[in-house]
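> This note's numbering numbers the first residue of the sequence shown as 7 and each following residue consecutively.
Note that CB positions come from ideal geometry on N, CA and C, so glycine has one too.
These numbers come from a predicted model, not from an experiment.
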Amino acid sequence: MTRQQRLTLYLLPVAFGLALIADLLGLFHQTWGINFVLWTLLSSGAIVGLAFKQAQPLTKETWLWLAVANIASLGFVLRDNSAILFWLGFCWILAWMLIFSQPYRTHWQLASIRGWIVSGVVAGFGAAFGSFAASIHLPLRVGNFTSAKLRPILIGLGLALPLLCVFGGLFASADAVFENIFADLFNWNLDWLFEHVFVVLFGTWAILGCGWILFAAPKPEISFAERPSFLNIGKIEVGIILGLLNTLFGLFVLIQIRYLFGGEQQIAEGITYADYARRGFFELVTVALLVLPTLLVGSWLSEQRTEAQPLFRVLALVLLVQVGVVLASAVSRMLLYIDAYGLTESRIQATALMIWIVLVALWFVATVLRQRGQYFANGALIAAMLVLIGLVLLNPSNLIVRYNASHRGVASFDGYYIGSLADDADAVPAIIEVLPSLPSEQNCQIATLLLDYWQENAADWRSTNLSRSKARDAVLQNKQLLTTMSCPIDRSM
Numbered sequence: 007m008t009r010q011q012r013l014t015l016y017l018l019p020v021a022f023g024l025a026l027i028a029d030l031l032g033l034f035h036q037t038w039g040i041n042f043v044l045w046t047l048l049s050s051g052a053i054v055g056l057a058f059k060q061a062q063p064l065t066k067e068t069w070l071w072l073a074v075a076n077i078a079s080l081g082f083v084l085r086d087n088s089a090i091l092f093w094l095g096f097c098w099i100l101a102w103m104l105i106f107s108q109p110y111r112t113h114w115q116l117a118s119i120r121g122w123i124v125s126g127v128v129a130g131f132g133a134a135f136g137s138f139a140a141s142i143h144l145p146l147r148v149g150n151f152t153s154a155k156l157r158p159i160l161i162g163l164g165l166a167l168p169l170l171c172v173f174g175g176l177f178a179s180a181d182a183v184f185e186n187i188f189a190d191l192f193n194w195n196l197d198w199l200f201e202h203v204f205v206v207l208f209g210t211w212a213i214l215g216c217g218w219i220l221f222a223a224p225k226p227e228i229s230f231a232e233r234p235s236f237l238n239i240g241k242i243e244v245g246i247i248l249g250l251l252n253t254l255f256g257l258f259v260l261i262q263i264r265y266l267f268g269g270e271q272q273i274a275e276g277i278t279y280a281d282y283a284r285r286g287f288f289e290l291v292t293v294a295l296l297v298l299p300t301l302l303v304g305s306w307l308s309e310q311r312t313e314a315q316p317l318f319r320v321l322a323l324v325l326l327v328q329v330g331v332v333l334a335s336a337v338s339r340m341l342l343y344i345d346a347y348g349l350t351e352s353r354i355q356a357t358a359l360m361i362w363i364v365l366v367a368l369w370f371v372a373t374v375l376r377q378r379g380q381y382f383a384n385g386a387l388i389a390a391m392l393v394l395i396g397l398v399l400l401n402p403s404n405l406i407v408r409y410n411a412s413h414r415g416v417a418s419f420d421g422y423y424i425g426s427l428a429d430d431a432d433a434v435p436a437i438i439e440v441l442p443s444l445p446s447e448q449n450c451q452i453a454t455l456l457l458d459y460w461q462e463n464a465a466d467w468r469s470t471n472l473s474r475s476k477a478r479d480a481v482l483q484n485k486q487l488l489t490t491m492s493c494p495i496d497r498s499m
C-alpha cells in the first residue's frame, strides 16, 4: 500500500467524523457559540494528529494560523456583536485558507500578497476537487472486488446520478403519471435529508479535499520569478510616479493645514461637525484604498530593478509621512464628532478601521521598505486580529450605551437608537441600567423589546454564548421592572 493510499484511509474517516460532529453541534442550523469553538479545536487537533501520524511536521506559519483560527473562534462564545463576529469569521476563513495552501506557498517560494492570491485559488480548488484525487487513491476491497474493479463502478455511479436527477425531473414535468410514480418512489423528507445527510456528505467532501492538498497533493515545479519586461519599472518611472504623488499630497497638506487642524474653530466658521468628521473619514478611506495598494504595486514592479529601490524607499517614506498628517486629522475629527454626538457602532468601527490602517502603514515601513515584503500580508492579518481582540475586550455595544448615557457633551441622548440594540446581548445589561432614566415613551417600548426577545427559554447548549447568557439572566432578574415599564410597541420607532 502506497503512502497516499494510507493517507486516504486516515483522511476519509477524519473528514466524515468532523462533518458529522459539525452537524451534531448544530453548526449548520444553530446559532454559533461554544459549538464553533469546539469544532475549531477538534479540527486543529485533527490536523496536528494527522501531521504526527504522517511524520510530516507542521511549519511555524501553520501553527500561527491554527492559533489565529482558534482565537478568532473564541469571539463567538464571548460576544454577540454582529459586526465583530463577521470580521472574526472572515479572519477565521483566511487562517484556514493559509493553512491548507501552506505547502504550495513554501514549495513555490511565494509570500506576501502574491502568496495570498495563490493560497485562495489553491484552497478553493482543493476543497472543490481535492476529494477526486483522494478517491482515486482509496484502496477498496469488498469480497472478490478489488479497488481496480470497484473504482470504475463508483465513478460511473457518481457521474450518472446527477444526470438521472436532471432527466428524471424533466420527465416528471412532462408527464403527470410519471411524476406520481417518481414522487412515490422518492417520497422522502427532503428538508431533513438536506439539512443533515447532504450537509454531512458535502462537509466530508470539502474537508477531505482540503486535507488532501495539505498532506498529499503533488506540487509541480512552477516558476513565478520571470515576468514580462513591461511589468518592471526603473528609477525614472519610480521618480515620476511617486514624485508627482508626493507633490500632490504636499500641496494638499500645505493648502489645507489650517483646515486639517482647525478643529472647533473651523466648525464655528460654518462647517458642521458632521461635514468635518465625514470628510476626514473619506480622506482616510481614500488613503487606505489608493496609497498603500499603490505602494505595494510599485514595490513589486520595481523589485527586480535594484537601482530603483533606494529612490522608491525614500519617496514612499515621504508619502507615508504626509499620509500620516491626514490620518491624524481624521482621528481628531472622529473624536470631535463622538464628543458632540456620542458613540454609535459605525463610529466605533470607523475608528477601529483607522487604527488598523495606521498599524498596516507602520508595518509597511518595517517590512516592504526594508526589503522584507514577504512578511507584509501576514502582519496585516495579525494586525486585524489585534484590533478585533481589542474590540472584543472593549465590548462596543456596552460602551455605546454607558457612554451616551453618562457623557454630558452628548447633544441629545437617542433612546430610540439604544432601543435598536435591544437584540444585541452585549448591550442588554447596560440598557437595563439606564432604562429608568429615559423618557417614558422611549423606555416603555425598549422594555417591551427586551421582554419579547430575551424572555424565551434558554437556548440550545450548543449555542452557548457568555453575552447571551448574561443578557437573558439580566432580563429575567429585572422582569418585574420591565413588565411595569412595557407598553405596546410603536412599529414606526
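Let me make sure I understand the geometry here. Which of D429, V297 and V128 has the alpha-carbon closest to that of P226?
Selected option, being the one with the closest Cα: V128.
> So, helix, strand or coil for D479, using DSSP?
In the structure shown, D479 sits in a helix (DSSP, three-state: H, G or I).
> Could you give the residue range of the alpha helix (DSSP H) that holds E447?
Segment S446 to W460, the alpha helix (DSSP H) holding E447.
> Start and end of the alpha helix (DSSP H) containing Y409?
P402 to S412 is the span of the alpha helix (DSSP H), which, as asked, contains Y409.
> Helix, strand or coil for T37? Go by DSSP, reduced to three states.
Correct three-state label for T37: coil.
> Could you tell me whether the segment 367-387 touches the segment 308-325, using the rule of 3 or more Cβ pairs below 8 Å?
As far as the Cβ criterion goes, the segment 367-387 touches the segment 308-325, which means the pair count is three or higher.
> Could you tell me whether the segment 348-357 touches the segment 34-54, using the rule of 3 or more Cβ pairs below 8 Å?
Because the criterion of three Cβ pairs below 8 Å is not met, the segment 348-357 and the segment 34-54 do not touch.
> Inspect the CB distances between the segment 50-62 and the segment 243-252 and report whether three or more fall short of 8 Å.
Because the criterion of three Cβ pairs below 8 Å is not met, the segment 50-62 and the segment 243-252 do not touch.
> Could you check what DSSP says for N87 in three-state terms: helix, strand or coil?
In this structure, N87 counts as coil in the three-state DSSP scheme.
> Within 10 angstroms of its Cβ, does T312 collect 16 or more other Cβ (buried), or is it exposed?
It is exposed - the Cβ of T312 has fewer than 16 other Cβ atoms within 10 Å.
> Shortest alpha-carbon distance to F530 belongs to which of C216, L167 and W122?
In the structure displayed, the chain extends from 7 to 499; residue 530 sits before or after that span and is not available.
> Quick check: what's the CA-CA separation for S305 versus F318?
Those two C-alpha atoms are separated by around 8 Å.
> For I187, does the three-state DSSP call read helix, strand or coil?
In this structure, I187 counts as helix in the three-state DSSP scheme.
> Return yes when the Cβ of D29 is within less than 8 Å of the Cβ of V205, no when it is not.
For V205 and D29, yes; Cβs fall inside 8 Å.
> Would you mind stating whether N87 and P435 have Cβ atoms separated by less than 8 Å?
Cβ atoms of N87 and P435: not closer than 8 Å.
> What is the DSSP secondary structure of K225, reduced to helix, strand or coil?
Reduced to three states, the DSSP call for K225 is coil.
> Does the Cβ-Cβ distance between L307 and N238 come in under 8 Å?
For L307 and N238, yes; Cβs fall inside 8 Å.
> Excluding the five sequence neighbours on either side, which residues of its own chain have a C-beta within less than 7 Å of the C-beta of L295, listed in chain order?
If we look at L295 and ignore the five residues flanking it on each side, it has no Cβ neighbours.
> Could you pull the start and end residues of the alpha helix (DSSP H) that Q11 belongs to?
Residues R9 to L30.
> Pop quiz: G132 and F106 are said to be a contact at Cβ under 8 Å. What is the actual Cβ separation, rounded to whole angstroms?
That belief holds up - the Cβ atoms of G132 and F106 are roughly 6 Å apart, short of 8 Å.
> With DSSP collapsed to three states, give me the class of P299.
Correct three-state label for P299: helix.
> Taking the CB atoms as reference points, tell me whether V407 and V440 lie closer together than 8 Å.
Their beta carbons are under 8 Å apart, which means V407 touches V440 by this criterion.
> Suppose contacts are defined by Cβ-Cβ distances below 8 Å. Is V74 in contact with M391 by that definition?
Their beta carbons are under 8 Å apart, which means V74 touches M391 by this criterion.
> Less than 8 Å between the CB atoms is what I'm expecting for L214 and A140, so what's the real figure, rounded?
At roughly 5 Å, the Cβ-Cβ gap stays under 8 Å, so L214 and A140 are in contact.
> Quick one: is L24 buried, meaning 16 or more other Cβ sit within 10 Å of its Cβ, or exposed?
Per the 10 Å Cβ criterion, buried.
> Less than 8 Å separating the beta-carbons of S79 and T112?
For S79 and T112, no; Cβs fall outside 8 Å.
> Tell me, to the nearest whole angstrom, how far the beta carbon of A367 is from that of L260; I am working on the premise that it is less than 8 Å.
About 21 Å; that fails the 8 Å criterion.
> Tell me whether G425 is buried or exposed, calling it buried when 16 or more other Cβ atoms sit within 10 Å of its Cβ.
Buried, by the Cβ-count rule.
> Can you say whether F370 is buried or exposed, counting buried as having 16 or more other CB atoms within 10 angstroms of its CB?
Buried: at least 16 other Cβ atoms inside 10 Å.
> In whole angstroms, what is the alpha-carbon distance linking M499 and Y422?
Confidence at M499 is low in this model, with a pLDDT of 45, below 50, so the placement of that residue is unreliable and no value is reported for it.
> Closest to L487 by C-alpha separation, out of C450, R478 and R474, would be which residue?
Nearest C-alpha to L487: C450.
> Pick from G130, G39, A101 and M103: whose alpha carbon is nearest that of L91?
If we check each option's Cα against that of L91, G39 comes out closest.
> Does the beta-carbon of V148 have 16 or more other beta-carbons within 10 angstroms, so that it is buried, or is it exposed?
Confidence at V148 is low in this model, with a pLDDT of 46, below 50, so the placement of that residue is unreliable and no value is reported for it.
> Go through the segment 324-406 residue by residue and report every complete run of the beta strand (DSSP E) that reaches 3 residues or more, in order.
Counting whole runs of 3 or more residues, the segment 324-406 contains no beta strand (DSSP E) stretch at all.
> Excluding the 5 residues preceding and the 5 following F151 in the sequence, name in chain order all residues of the same chain whose CB lies nearer than 7 Å to its CB.
Only weak support is given to the placement of F151: the predicted model assigns it a pLDDT of 48, under 50, and the question is left unresolved by the model.
> What separation, rounded to the nearest whole angstrom, lies between the Cα atoms of A417 and L427?
Unreliable placement is indicated for A417, whose pLDDT of 49 sits below 50; the coordinate value is still reported in the next sentence. Computed Cα separation, rounded: 20 Å.
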